[in-house]
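Take a look at the structure set out below.
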Amino acid sequence: MSAVLVQLATLGPLGRLPMVGGLLATVAGLAAAIGMHSLVEAPRALIVVWALLLTLAMLSIPRALEAGTPPRQIVLDRFTGIWLAAAPVLPFIGIATTELGQPGVLALGLPLVIYNLILAGPLRRMGASPRPLLQLADDLIAATLTLLLAIGMMAALIAKSGAMP
973 MSAVLVQLAT
983 LGPLGRLPMV
993 GGLLATVAGL
1003 AAAIGMHSLV
1013 EAPRALIVVW
1023 ALLLTLAMLS
1033 IPRALEAGTP
1043 PRQIVLDRFT
1053 GIWLAAAPVL
1063 PFIGIATTEL
1073 GQPGVLALGL
1083 PLVIYNLILA
1093 GPLRRMGASP
1103 RPLLQLADDL
1113 IAATLTLLLA
1123 IGMMAALIAK
1133 SGAMP
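According to my numbering, the sequence shown is numbered sequentially starting from 973.
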């Protein structure tokens, strides 16, 4: 069971890719969140899946660290964090590309950029910590900050264009 949790924490080989594992995990998480939203379009389902991912992260990250996995290779927290960061823009996927035009498309990609910048900057030390709580906390803090910025950005775009989902 421990080996499965380590594989989960690193998202298999994804976390072991040098230099790009975290970014690819974030992109994969965003693609999964968009795909899930497109298939289900039910906020409750997204919340349930996110809670499941968060639970899996809380179980697998400590096991991976105990097994000697370098903190840099643990990327399930990034995969999970981007779901929260992108939550405000998911309902606007349909109108972002049609009614909002290019600013809408950019707004959909902005959470990915902001999330990674916050993680690379002020929260970098927390993510490199061998302590499981800090390993997950940096992604949740970055996701929450990104979520707040995304809400403001989408509200401004909608107010300017008059478009509603």
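Glycine residues also receive a C-beta, built at the ideal position from the N, C-alpha and C atoms.
Can you tell me whether residue i is helix, strand or coil according to DSSP?
{"i": "Met-1008", "result": "helix"}
{"i": "Pro-1034", "result": "helix"}
{"i": "Ser-974", "result": "helix"}
{"i": "Met-991", "result": "coil"}
{"i": "Ala-1122", "result": "helix"}
{"i": "Ala-1095", "result": "Checking the displayed sequence, the identity of residue 1095 turns out to be Leu instead of Ala. Correct three-state label for Leu-1095: coil."}
{"i": "Ala-1131", "result": "helix"}
{"i": "Val-1021", "result": "helix"}
{"i": "Ile-1113", "result": "helix"}
{"i": "Val-1198", "result": "Nothing about residue 1198 can be read from this structure; the chain reaches only from 973 to 1137."}
{"i": "Val-1061", "result": "coil"}
{"i": "Gly-1040", "result": "coil"}
{"i": "Ala-1029", "result": "helix"}
{"i": "Leu-983", "result": "coil"}
{"i": "Ala-1003", "result": "helix"}
{"i": "Arg-1016", "result": "helix"}
{"i": "Pro-1102", "result": "coil"}
Take residue i as the anchor and find which of the options has the nearest alpha-carbon.
{"i": "Val-976", "options": "Val-1020, Ile-1006 and Leu-1031", "result": "Leu-1031"}
{"i": "Asp-1049", "options": "Gly-1081, Ile-1130, Val-978 and Glu-1013", "result": "Val-978"}
{"i": "Phe-1051", "options": "Ala-1004, Met-1126, Pro-1063 and Arg-1044", "result": "Ala-1004"}
{"i": "Ile-1006", "options": "Ala-1115, Arg-1035, Leu-1117 and Gly-1081", "result": "Gly-1081"}
{"i": "Ala-1029", "options": "Pro-990, Val-1061, Ala-1017 and Asp-1110", "result": "Asp-1110"}
{"i": "Asn-1088", "options": "Leu-1105, Leu-1106, Ala-1115 and Arg-1097", "result": "Ala-1115"}
{"i": "Thr-1041", "options": "Leu-996, Pro-1104, Met-1098 and Ile-1019", "result": "Pro-1104"}
{"i": "Leu-1025", "options": "Ala-1039, Leu-983, Gly-1093 and Ala-1014", "result": "Leu-983"}
{"i": "Ala-1039", "options": "Met-1126, Ser-974 and Met-1125", "result": "Ser-974"}
{"i": "Met-1126", "options": "Leu-1106, Val-1020 and Ala-1058", "result": "Ala-1058"}
My understanding is that residue i touches residue j, with C-beta atoms under 8 Å, so please give their C-beta distance in whole angstroms.
{"i": "Ile-1033", "j": "Ala-981", "result": "5 Å"}
{"i": "Leu-1084", "j": "Val-1012", "result": "Contact doesn't hold; Cβ gap of about 21 Å is too wide."}
{"i": "Gly-993", "j": "Gly-1001", "result": "That pair is no contact at about 12 Å."}
Would residue i and residue j qualify as a contact pair, given that the criterion is a beta-carbon distance under 9 Å?
{"i": "Arg-1046", "j": "Leu-1056", "result": "It should be pointed out that residue 1046 corresponds to Ile in this sequence rather than to Arg. Taking 9 Å as the Cβ cut-off, Ile-1046 and Leu-1056 do not qualify as a contacting pair."}
{"i": "Pro-990", "j": "Pro-1043", "result": "no"}
{"i": "Ile-1113", "j": "Leu-1095", "result": "yes"}
{"i": "Leu-1119", "j": "Pro-1063", "result": "no"}
{"i": "Leu-1108", "j": "Ile-1090", "result": "no"}
{"i": "Met-1008", "j": "Leu-1018", "result": "yes"}
{"i": "Ala-1086", "j": "Leu-1129", "result": "Note on identity: in this sequence residue 1086 is Ile, with Ala being the wrong assignment. Going by C-beta atoms, Ile-1086 is not nearer than 9 Å to Leu-1129."}
Between residue i and chain B, is the shortest Cβ-Cβ distance under 9 Å, so that the two count as touching?
{"i": "Phe-1064", "result": "You won't find chain B in this structure, because it holds only one protein chain."}
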